[in-house]
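Q:
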Amino acid sequence: MSDQFELISEYSPMGDQPEAIRQLVDGIKSNVPHQTLLGVTGSGKTFTMANVIKEINKPTLILSHNKTLAAQLYSEFKEFFPNNAVEYFVSYYDYYQPEAFLPVTGTYIEKDLSINKEIEKLRLSATSTLLSGRSDVIIVSSVSCIYGMGNPADFEASILEFNEGMEVTRTKFLRMLVDSLYSRTEMEFERGNFRVKGDTIDLFPGYADYAIRFSFWGDEIESIHKIDPEKGTTIEQLEYIKIYPANLFVTSKSRMTESLFDIQKDLDLQYEFFMGEGKVEEAKRLKDRVEQDIEMIRELGYCSGIENYSRYMDGRTPGERPFCLMDYFPDDFMMMIDESHVTIGQVRAMYGGDRSRKINLVDFGFRLPAAMDNRPLKFEEFETIQNQVLYVSATPADYELELSDGIIVEQVIRPTGLLDPKIEVRPTNNQVDDLLHEIQIEVKKGNRILVTTLTKRMAEELSKYIANTKVNCTYMHSEIDTMDRVEILSKLRSGAIDVLVGVNLLREGLDLPEVSLVAIMDADKEGFLRSERSLTQTVGRAARNLEGRVIMYGDKITGSMGKTIDETERRRKVQEDYNTEHGITPTAIIKKNTSAFQKNAATEIDEALMRVEEEKKNYGSKKELAKLIRNTKANMEKAAKEYDFLNAAKYRDLLKYYEEESKK
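The structure is reproduced here in structure tokens:
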């Protein structure tokens, strides 16, 4: 099938978008493997990406570093390509506590989870669309795409095809559905189920909002109808239909039988190993658990934690990488990595975190060594299965720039004509009083203000101090729940909050055109939060406002401050010259306070990693680090005793990090 992408928009490429699109398209057509789009905040990077996709016409994976931004991109690309297949692939857990063992306290943490069925449907829809033969497919994904999935060959082999007049016995038809992991039900009709009423079989695909009704006449399919699953009313009649499996982890019966044999063989080997090491308790524990799992799989076709046996089910060899979403794409596909300076780092970190948790489970007899092969991709594996990659960021990291051979496509002109904000450096002496004066000026104009601090404690204290001056102010940092953050940002945009104080969450990905002033406290404290990249991202938060400006409070101009100021001035000059040459008057952005900031199941994200990463940056001396180790260990043990497994796991990961840092 050769479907064409059809980009629908009331806008045409403007500013330096046409040149950026031309360069990127030429690079892709010339088989350049890596390109970087450096697009300043508000320059329309997403629109440029959409135009590149339209011109190249290849299946495209768009990778984002969290679910909120992925949902925002998904919404935008659905609007750009309403007649094409735009899909959403993120983790389907509303809540997920991974299985873990804490040797320090001897605490075993069972896996606990809650699956969002709507997201599960979207994941199945994404994989089904990729295997449908369409080329006009865009998958917007979080880093969930590097985690293990079923073998695409098995998934494709389990696709069922039916047409009117097809001869098949009803018994064989039902067996085919069961083999594709559909379940018969007499109760509630849900996705992944089918029901039988006489000569009629209703099937609710796991990836759709509609159901399919098959009517039989003897051993022949007399008719096929798409129906409303709740009302049972006919939507349309079909002559032919493909039915995709109800689950991503589907395998053949022959491989399942072979898998059970291999599991038993590895169990015997590991049991002998433990006994030889004198680990009798571990040997008995492993034997009991695995033999119970084997029996469950033999009888029911699955067991709790069956993903730990995925290597056997997929037919992989020990150490071989798992299959993932990228394996479902054809060989000639395109990947776009949004906010690449963050996303790449997150992809790189996934394998290590997963391994550190699982190695304890294996060493203490909770899992077979094969469980280590149920994992996210290693970074080098992620690199090997790429085809052509476009990195998109306002502040590309060294990794992207090196792969792109230092050649970047720059996009600094905004379609609105808005300039980068002016930056002013002021001394730290009386910085709070000076800030309060500036806040009063902006509040009277009806504008909003962002203030960034170095620590969570300072954010909270400064927020209280500002609020005491009768200004609507609050703080936002990693301890604030995700959905509460959504509410805070919505209130900021609506005007219920005038000032928002934060640490590291007020950098990239926030579209806040009402913000006219960004104040950076202690800007001269060189480090992660005051690096050139962090400062540039923070400055960008004021770039969507006609009166946007930035105040850096510092007693000296550090290297990072100097580079940020110089680059911002360079961009302003380019933007001013373009506006003068083309007679453009800068205009303010008017953007609705839309669903991107509303509580929606599809935009809930697991912020545990971000929380840990932010906490990692908040230690100073070795003495302070030792204190953090003691406190973190105490918190971990306390959480484990109270069966607060989610926080116990968080503190465990944080403790490991601090202990490694203390050895340096």
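Per my numbering: the sequence shown = residues 491 to 1154. In this text, a Cβ means the ideal position worked out from N, Cα and C, and glycines have one as well. If you're wondering where the values come from, they're calculated on a predicted model, not measured in any experiment.
What are the start and end residues of each continuous beta strand (DSSP E) run of 3 or more residues lying completely inside the region 652 to 705, in chain order?
A: 683 to 687 and 690 to 694
Q: With residue 903 as the anchor, note down where its alpha helix (DSSP H) starts and where it stops.
A: In the sequence shown, the residue the question calls residue 903 occupies position 413. It is not in any alpha helix (DSSP H) - residue 903 carries neither H nor E in the DSSP assignment.
Q: Would you mind working out which of 848, 1025, 855 and 516 sits nearest residue 1042, comparing C-alpha positions?
A: Your numbering for residue 1042 matches position 552 in the sequence shown. Checked all of 848, 1025, 855 and 516; the closest Cα to residue 1042 is 1025.
Q: Residue 927 by DSSP, collapsed to three states: which one?
A: Along the sequence shown, one-based indexing puts residue 927 at 437. Helix at residue 927.
Q: On a CA-only basis, which of 1122, 1077, 942 and 664 is nearest residue 1019? Give me that one, please.
A: Position 529 of the sequence shown holds residue 1019. Residue 1019 has its Cα closest to that of 942, out of 1122, 1077, 942 and 664.
Q: Taking 8 angstroms as the cut-off, does the region 667 to 676 touch the region 636 to 653 (at least 3 CB pairs, one atom from each stretch)?
A: At 8 angstroms Cβ cutoff, the stretches touch.
Q: Any beta carbon of chain B sitting closer than 8 angstroms to that of residue 623?
A: Among the chains of the structure shown, chain B does not appear; only one protein chain is present.
Q: What does a CB cutoff of less than 6 angstroms around residue 859 pick up in its chain, not counting 5 residues either side in sequence?
A: As a position in the sequence shown, residue 859 is number 369, starting the count at 1. Excluding five sequence positions before and after residue 859, the CB atoms of its chain that fall closer than 6 angstroms to its own CB belong to 852, given in chain order.
Q: Counting pairs of Cβ atoms below 8 angstroms between the region 498 to 507 and the region 891 to 909, do you hit three or more?
A: Taking 8 angstroms as the limit for Cβ pairs, the verdict is that the region 891 to 909 does touch the region 498 to 507.
Q: Find the nearest neighbour of residue 949 within the set 896, 1004, 991 and 822, judged by alpha-carbon distance.
A: Taking the first residue of the sequence shown as position 1, residue 949 is located at position 459. Among 896, 1004, 991 and 822, the Cα nearest to that of residue 949 belongs to 991.
Q: What distance in whole Å lies between the Cβ atoms of residue 620 and residue 627, which are believed to be in contact at a cut-off of 8 angstroms?
A: Stepping through the sequence shown from its first residue, residue 627 is reached at position 137. Stepping through the sequence shown from its first residue, residue 620 is reached at position 130. Going by Cβ atoms, the distance from residue 627 to residue 620 rounds to 6 angstroms, so yes, they are a contact pair.
Q: Going by DSSP, what residues sit across from residue 732 in a beta bridge?
A: To locate residue 732, count along the sequence shown from 1; it is residue 242. Its beta-bridge partners are 651.
Q: Identify which residue in 594, 527, 575 and 550 has its Cα closest to the Cα of residue 1124.
A: The residue given as residue 1124 occupies position 634 in the sequence shown. Here the closest residue by C-alpha is 594.
Q: Classify residue 1088 as buried or exposed, calling it buried when 16 or more other Cβ atoms lie within 10 Å of its own Cβ.
A: What you label residue 1088 is simply residue 598 of the sequence shown in a count that begins at 1. Residue placement at residue 1088 is flagged as unreliable, the pLDDT there being 39, under the threshold of 50; the coordinate-derived value follows with that caveat. Residue 1088 should be labelled exposed.
Q: Below 8 angstroms on the Cβ atoms is my guess for residue 1053 versus residue 944; work out the distance and round it to an integer in Å.
A: Here residue 1053 corresponds to residue number 563 of the sequence shown, with the count starting at 1. Here residue 944 corresponds to residue number 454 of the sequence shown, with the count starting at 1. Contact doesn't hold; Cβ gap of about 19 angstroms is too wide.
Q: Report yes or no: do three or more beta-carbon pairs, one from the region 755 to 767 and one from the region 705 to 725, lie closer than 8 angstroms?
A: The answer is no - the region 705 to 725 does not touch the region 755 to 767, with fewer than three Cβ pairs under 8 angstroms.
Q: Look up residue 716 in the DSSP assignment and give the residues it is bridged to.
A: The count along the sequence shown starts at 1 and reaches residue 716 at position 226. DSSP lists 702 and 726 as partners of residue 716.
Q: Could you check where the alpha helix (DSSP H) with residue 892 kicks off and where it finishes?
A: Start at 1 with the first residue of the sequence shown, and residue 892 comes out as number 402. Note, residue 892: alpha helix (DSSP H), 888 to 893.
Q: Given this structure, state the Cα-to-Cα distance separating residue 845 from residue 613, to the nearest angstrom.
A: Taking the sequence shown and counting its residues from 1, one reaches residue 845 at position 355. Taking the sequence shown and counting its residues from 1, one reaches residue 613 at position 123. Spanning the two alpha carbons is a distance of roughly 25 angstroms.
Q: Which of the three DSSP states, helix, strand or coil, is assigned to residue 579?
A: Indexing the sequence shown from 1 puts residue 579 at position 89. Note: residue 579 maps to strand in three-state DSSP.
Q: Please tell me whether residue 1065 and residue 910 are closer than 8 angstroms, where the distance is taken between their beta carbons.
A: As a working note, residue 1065 is residue 575 in the sequence shown. As a working note, residue 910 is residue 420 in the sequence shown. Closer than 8 angstroms, so yes.
Q: Are the Cβ atoms of residue 457 and residue 549 separated by less than 8 angstroms?
A: Here the chain comprises residues numbered 491 to 1154, so residue 457 is not present and cannot be evaluated.
Q: Under the three-state reduction of DSSP, which class applies to residue 876: helix, strand or coil?
A: Taking the first residue of the sequence shown as 1, we reach residue 876 at position 386. DSSP places residue 876 in coil when its eight states are reduced to three.
Q: What did DSSP end up calling residue 555 once you bin it into helix, strand or coil?
A: Residue numbering aside, residue 555 sits at position 65 when the sequence shown is read from its first letter. Coil, per DSSP.
Q: Can you name, in chain order, every residue of its own chain whose Cβ lies under 7 angstroms from the Cβ of residue 705, other than the five neighbours on each side?
A: Residue 705 sits at position 215 when you count from the first residue of the sequence shown. These residues qualify, in order along the chain: 689, 690, 712 and 713.
Q: What do you reckon, are the CB atoms on residue 826 and residue 539 nearer than 8 angstroms?
A: Numbered from 1 along the sequence shown, position 336 holds the residue referred to as residue 826. Numbered from 1 along the sequence shown, position 49 holds the residue referred to as residue 539. Yes, these two residues count as a Cβ contact at 8 angstroms.
Q: Whose C-beta lies closer than 8 angstroms to the C-beta of residue 717 among residues of the same chain, with five residues either side of it excluded?
A: Against the sequence shown, residue 717 aligns to sequence position 227. Counting only residues of its own chain and dropping the five nearest sequence neighbours on each side, residue 717 has a CB closer than 8 angstroms to the CB of 692, 700, 701, 702, 703, 723, 724 and 725.
Q: May I ask you to list the residues that DSSP assigns as paired with residue 1114?
A: In the sequence shown, residue 1114 corresponds to position 624, counting from 1. Bridge partners of residue 1114: none, in fact.
Q: If we count the other Cβ atoms within 10 Å of its Cβ and call it buried at 16 or more, is residue 807 buried or exposed?
A: Residue 807 sits at position 317 when you count from the first residue of the sequence shown. Exposed is the call here.
Q: What residue from 575, 662, 742 and 1146 has the CA that sits closest to residue 641's CA?
A: Locating residue 641 in the sequence shown gives position 151, counting from the first residue. When each option's Cα is compared against that of residue 641, the closest is 742.
Q: Can you round the beta-carbon distance between residue 547 and residue 494 to whole angstroms, since I take them to be within the 8 angstroms contact cut?
A: Working through the sequence shown from its first residue, we reach residue 547 at position 57. Working through the sequence shown from its first residue, we reach residue 494 at position 4. Yes, residue 547 and residue 494 are in contact; Cβ-Cβ is about 6 angstroms, under 8 angstroms.
Q: Helix or strand or just coil, what does DSSP make of residue 777?
A: Here residue 777 is taken as the residue at index 287 of the sequence shown, counted from 1. Here residue 777 sits in helix by DSSP.
Q: Since I believe residue 609 is in contact with residue 580 (beta carbons under 8 angstroms), could you give me their beta-carbon distance rounded to a whole number of angstroms?
A: Within the sequence shown, residue 580 is the residue found at index 90, counting from 1. Within the sequence shown, residue 609 is the residue found at index 119, counting from 1. Sure, about 6 angstroms apart at Cβ, within 8 angstroms.
Q: By the three-class DSSP mapping on this structure, what secondary structure does residue 912 have?
A: Position 422 of the sequence shown holds residue 912. DSSP places residue 912 in strand when its eight states are reduced to three.
Q: Mind checking who residue 963 pairs with in its DSSP beta bridge?
A: Counting from 1 along the sequence shown, the entry for residue 963 is found at position 473. DSSP lists 989 as partners of residue 963.
Q: State buried or exposed for residue 615, treating a residue as buried only when at least 16 other CB atoms are found within 10 Å of its CB.
A: The residue given as residue 615 occupies position 125 in the sequence shown. Residue 615 comes out buried.
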